[in-house]
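Chemist: Residue numbers (full-length UniProt numbering): 1 to 496. Where a beta carbon is used, it is the ideal one built from N, C-alpha and C, also for glycine. Starting off with a structure, shown below.
Laid out in structure tokens, this is it:
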């Protein structure tokens, strides 16, 4: 018997505002299902985030139906809800319910409200599918495999798991004991991915382990497995530059079930052999460039062109890897262009957009994402070195406001706003304090836009929020996707 396991498809994610990236999510989903079908699975497991947004455009729903059409009718696609599959508004029906009613998927959810201590699970009825089901039995020559689903619960996952463990046990008493039990769910495990926002510990899974042979997870976009029964495949596509690193595996699992041997310690009577396979996705390639050695913009740009040429061979070898090919053809890469070091000339002459355009042309890239967060200027370093102690220290205490004002003045002087450096520095300080006090982004933008119109009446555009990396959800961004995952773990809000 064979099961396929994939997660975190995020259909509809138009990364960086690119239509092609939205199409990538669709084509990679379909290709991954086709690869899974090579193993002749008895069922496909998909624990959450089939969609990137809860309110779908028709094109995205059509893409889901077309992708699922590659799976034969006799192979159930068993799905649980992830955080991105939730509704933004308090409607009773999600698009997953729609796909369930249409017979494209079987949506599995735990009833956590009916019983005070145990979740209840109703069996799937193909004749009257309803809005969802509690569990699905797969009958094969090897035995009965029972699949349960737990929907996204965020910060309440730990208490939900307690009720689920009891409910699975009670379901076995009522409906018979299966030979193998699977639980689909959508959360991260703190002990396994501490930097990525896990909100469940192994200790909180002990009761679940007593009744579950295979915990099929989604939510964290990096592949990991743990303890011989916990499996998270990683999203088929990378959704940020950090997720595209070589130490992040993306793909799906092929799960083969066999009769148990004497060494098997699971609760069921079947054992699993699990193989991870790479999905076929678009390549991301990182180019790093140190700006420190160059005394002028022209010198830097010449060296940068040479650097791009030097990287050509490495890029070609990278994009020739099997997981990045489309058939036998190379895909246009996404370029993660990272600058670092100390700029020896004014920042206004550091023409990052032109350098990015050059990289896009040389590498035939689909998109070039730039990052200058590790670039500073010689003037600012000199300022920090030259500040007198009595300017920034009073009674031995650092006067951060004075230090910030000097830094903001220096930044403004180097910018296109140098004619009003003092006023711009004051505005930067005001915006900084508003952000520190937790005022909304809209309020900060209004203040900055209004001051900009007063200082520069010829300017025709208001300030817009410019985020360096495509935000995966609301509230993201320090180290691309990881900050959003960390905040979600603390608050129970959106994550992967």
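Tell me which residue opens and which closes the beta strand (DSSP E) that residue 230 is part of.
Modeler: Counting along the chain, the beta strand (DSSP E) containing residue 230 begins and ends at 230–232.
Chemist: Excluding the 5 residues preceding and the 5 following residue 234 in the sequence, name in chain order all residues of the same chain whose CB lies nearer than 7 Å to its CB.
Modeler: Excluding residues within five positions, the ones whose Cβ falls inside 7 Å are 221, 222, 223, 248, 249, 250, 251.
Chemist: Once DSSP output is grouped into helix, strand and coil, what is the label at residue 130?
Modeler: Coil, per DSSP.
Chemist: Straight-line CA distance for residue 100 to residue 183?
Modeler: Cα to Cα, residue 100 sits roughly 18 Å from residue 183.
Chemist: With respect to the alpha helix (DSSP H) encompassing residue 319, which residues constitute its N-terminal and C-terminal limits?
Modeler: From DSSP, the alpha helix (DSSP H) with residue 319 extends over 297–319.
Chemist: Under 8 Å between the Cβ atoms of residue 77 and residue 71?
Modeler: Yes, they are a contact pair.
Chemist: Hey, is the segment 333–343 in contact with the segment 274–291, meaning 3+ C-beta pairs nearer than 8 Å?
Modeler: These segments touch.
Chemist: Helix, strand or coil for residue 293? Go by DSSP, reduced to three states.
Modeler: Three-state result, residue 293: coil.
Chemist: Give me, in chain order, the residues of the same chain whose beta-carbon lies closer than 8 Å to that of residue 19; leave out the 5 immediate sequence neighbours on both sides.
Modeler: Contacts found: none.
Chemist: Rounded to whole angstroms, what's the CA-CA distance from residue 507 to residue 279? Just pull it up for me.
Modeler: Only positions 1 to 496 of the chain appear in this structure, which leaves residue 507 out of reach.
Chemist: Please classify residue 16 as buried or exposed, where buried requires at least 16 other C-beta atoms within 10 Å of its C-beta.
Modeler: Exposed, by the Cβ-count rule.
Chemist: To the nearest angstrom, report how far apart residue 5 and residue 237 are at their CA atoms.
Modeler: Their backbone Cα atoms lie some 15 Å apart in a straight line.
Chemist: Is it the case that the segment 306–317 contacts the segment 339–347, given that we only count it when at least three CB pairs across the two stretches are under 8 Å?
Modeler: Verdict: no, contact absent.
Chemist: DSSP puts residue 326 in a beta bridge; with which residues?
Modeler: DSSP, once it has assigned bridges, lists 329 as partnering residue 326.
Chemist: Along the chain, where does the alpha helix (DSSP H) that runs through residue 175 open and close?
Modeler: Residue 175 -> alpha helix (DSSP H) spans 157–175.
Chemist: On a Cα-Cα basis, can you pick out the residue from 444, 291, 376, 258 that is closest to residue 145?
Modeler: For the residues 444, 291, 376, 258, the minimum Cα distance to residue 145 belongs to 258.
Chemist: In angstroms, rounded to a whole number, what distance separates the CA positions of residue 150 and residue 84?
Modeler: Cα to Cα, residue 150 sits roughly 15 Å from residue 84.
Chemist: Taking Cβ positions, are residue 42 and residue 2 nearer each other than 8 Å?
Modeler: Against a cut-off of 8 Å, the Cβ pair of residue 2 and residue 42 comes out as a contact.
Chemist: Within 10 Å of its beta-carbon, does residue 126 have 16 or more other beta-carbons around it, so buried, or fewer, so exposed?
Modeler: Exposed, since its Cβ has fewer than 16 Cβ neighbours within 10 Å.
Chemist: What are the start and end residues of each continuous alpha helix (DSSP H) run of 4 or more residues lying completely inside the segment 173–257, in chain order?
Modeler: Listed in chain order, they are 206–209.
Chemist: Residue range of the alpha helix (DSSP H) that residue 124 falls in?
Modeler: From DSSP, residue 124 is part of no alpha helix (DSSP H); its letter is neither H nor E.
Chemist: Given this structure, state the Cα-to-Cα distance separating residue 277 from residue 254, to the nearest angstrom.
Modeler: Cα to Cα, residue 277 sits roughly 8 Å from residue 254.
Chemist: For residue 180 and residue 354, I'd like the C-alpha separation in whole angstroms.
Modeler: Using only the alpha carbons, I get a separation of about 58 Å.
Chemist: Whole angstroms is fine: what's the gap from residue 80's alpha carbon to residue 114's?
Modeler: So the two alpha carbons sit approximately 19 Å from each other.
Chemist: Quick test of the definition: if touching needs 3 or more C-beta pairs under 8 Å, does the segment 160–170 touch the segment 30–37?
Modeler: No, the segment 160–170 is not in contact with the segment 30–37.
Chemist: What's the C-alpha gap between residue 23 and residue 59?
Modeler: Taking the straight line from one Cα to the other gives about 10 Å.
Chemist: Closest to residue 136 by CA distance: which of 207, 147, 368 is it?
Modeler: It is 147 whose Cα lies nearest to the Cα of residue 136.
Chemist: Could you spell out where the alpha helix (DSSP H) holding residue 62 opens and where it closes?
Modeler: Its alpha helix (DSSP H) spans residues 58–68.
Chemist: Taking 7 Å as the limit between beta carbons, can you name the residues of its chain near residue 118, skipping five residues before and five after?
Modeler: Counting only Cβ-Cβ distances below 7 Å, and skipping sequence neighbours, we find 163, 166, 167, 170.
Chemist: With DSSP as the reference, label residue 11 as helix, strand or coil.
Modeler: In this structure, residue 11 counts as strand in the three-state DSSP scheme.
Chemist: Would a C-beta distance cut-off of 8 Å place residue 152 and residue 186 closer than the cut-off?
Modeler: Going by C-beta atoms, residue 152 is nearer than 8 Å to residue 186.
Chemist: Nearest to residue 320 by alpha carbon, out of 282, 217, 68, 301?
Modeler: Nearest C-alpha to residue 320: 282.
Chemist: By Cβ distance below 8 Å, which residues in the same chain neighbour residue 463 in space, the five residues on each side in sequence not counted?
Modeler: Because the pLDDT of residue 463 is 45, which lies under 50, any placement of that residue in the model is unreliable, and the question is left without a value.
Chemist: So the alpha helix (DSSP H) residue 137 belongs to, where does it begin and stop?
Modeler: Per DSSP, residue 137 belongs to no alpha helix (DSSP H); it is in the beta strand (DSSP E), 135–140.
Chemist: Can you give me the C-alpha to C-alpha distance between residue 256 and residue 214, rounded to a whole angstrom?
Modeler: Their Cα atoms are separated by approximately 12 Å.
Chemist: Does the Cβ of residue 312 have 16 or more other Cβ atoms within 10 Å, making it buried, or fewer, making it exposed?
Modeler: Result: exposed.
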